[in-house]
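Student: The structure that follows is given in the form of structure tokens.
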Amino acid sequence: KTGENLLLPSIISLAIQSGKFASAIRVHCRDVERVHEDHIHYCCKHPDGHNDVTEQCANRVMFKLPSRDEEAIEDLTVDQVMSGTCFAKCVFDHYNFMDHDKLNMTAVRKHYQTTYKDDPEYVKEMLAAFDRCHSKSEDATAEFLSSSVVKAFSSSAFSCKPMPSVVLACVIHRFFHNCPRNRWSNTTECVETLAFSKKCKDVLTTM
Numbered sequence: 006k007t008g009e010n011l012l013l014p015s016i017i018s019l020a021i022q023s024g025k026f027a028s029a030i031r032v033h034c035r036d037v038e039r040v041h042e043d044h045i046h047y048c049c050k051h052p053d054g055h056n057d058v059t060e061q062c063a064n065r066v067m068f069k070l071p072s073r074d075e076e077a078i079e080d081l082t083v084d085q086v087m088s089g090t091c092f093a094k095c096v097f098d099h100y101n102f103m104d105h106d107k108l109n110m111t112a113v114r115k116h117y118q119t120t121y122k123d124d125p126e127y128v129k130e131m132l133a134a135f136d137r138c139h140s141k142s143e144d145a146t147a148e149f150l151s152s153s154v155v156k157a158f159s160s161s162a163f164s165c166k167p168m169p170s171v172v173l174a175c176v177i178h179r180f181f182h183n184c185p186r187n188r189w190s191n192t193t194e195c196v197e198t199l200a201f202s203k204k205c206k207d208v209l210t211t212m
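The following block contains the structure:
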């Protein structure tokens, strides 16, 4: 989350449109506190609410979900998923998303096309994200294993194989990074977050 962009002052103005020009937001790349990464899930429309599978997995491995009404995988940040290896493994195991440490795209497609058939746009975006992350999973795993996140959790009793976390974190990033314009909330916080993520590269892991 650090890099040259944190050192260079960079201010942008973004017009928010809601029928007419309403106001302009100024975003400074060093003003990280203004952007709450754990609020990003409010910005891109996705199926939300209580989820039995994620709740059961969270309870089993003592993983903290945002709230009882925010239990979709998109409600989590990339950082949270990367540090919750056993949570991600539990969710993927339930849906049979992994087959011999490789992502089972057939199972992924069946799950999303069946469970969310009333929201084809969401299905399309999630399958595109999984497919993209599937092709990068081996390189991502190697990078993940050498990261400080893994080192910090390697001695934990809740440390599991990282592949599901790597893929899930990648999917969350792709979903929000490529959120269709008509699904993105036009609130001040969300517009500012989007502008911040585009101008201040590599500061927000979730976007």
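Quick note: the sequence shown uses our numbering, first residue 6, plus one each step. All residues carry an ideal CB built from backbone N, CA and C; glycine is no exception.
Grouping DSSP H, G and I as helix and E and B as strand, with all else coil, what is Cys48?
Tutor: Note: Cys48 maps to coil in three-state DSSP.
Student: Would you identify the three-state DSSP class for Lys206, choosing helix, strand or coil?
Tutor: Coil.
Student: What does DSSP give as the partner residue(s) for Glu75 in the beta ladder?
Tutor: Answer is Gly54 and Ser72.
Student: In terms of DSSP beta bridges, what is Met103 paired with?
Tutor: DSSP, once it has assigned bridges, lists Leu108 as partnering Met103.
Student: In the structure shown, what three-state DSSP assignment does His33 receive?
Tutor: Three-state result, His33: strand.
Student: Hey, out of Ser72, Glu60, Val96 and Pro52, whose CA is closest to Ser170's CA?
Tutor: Answer by Cα proximity: Val96.
Student: Going by DSSP, what residue range makes up the alpha helix (DSSP H) through Asp84?
Tutor: Segment Val83 to Met87, the alpha helix (DSSP H) holding Asp84.
Student: Cβ atoms of Thr59 and Leu70: under 9 Å apart, would you say?
Tutor: Yes, they are a contact pair.
Student: Buried or exposed: where does Pro125 fall if 16 or more other Cβ atoms within 10 Å of its Cβ makes it buried?
Tutor: Exposed: under 16 other Cβ atoms inside 10 Å.
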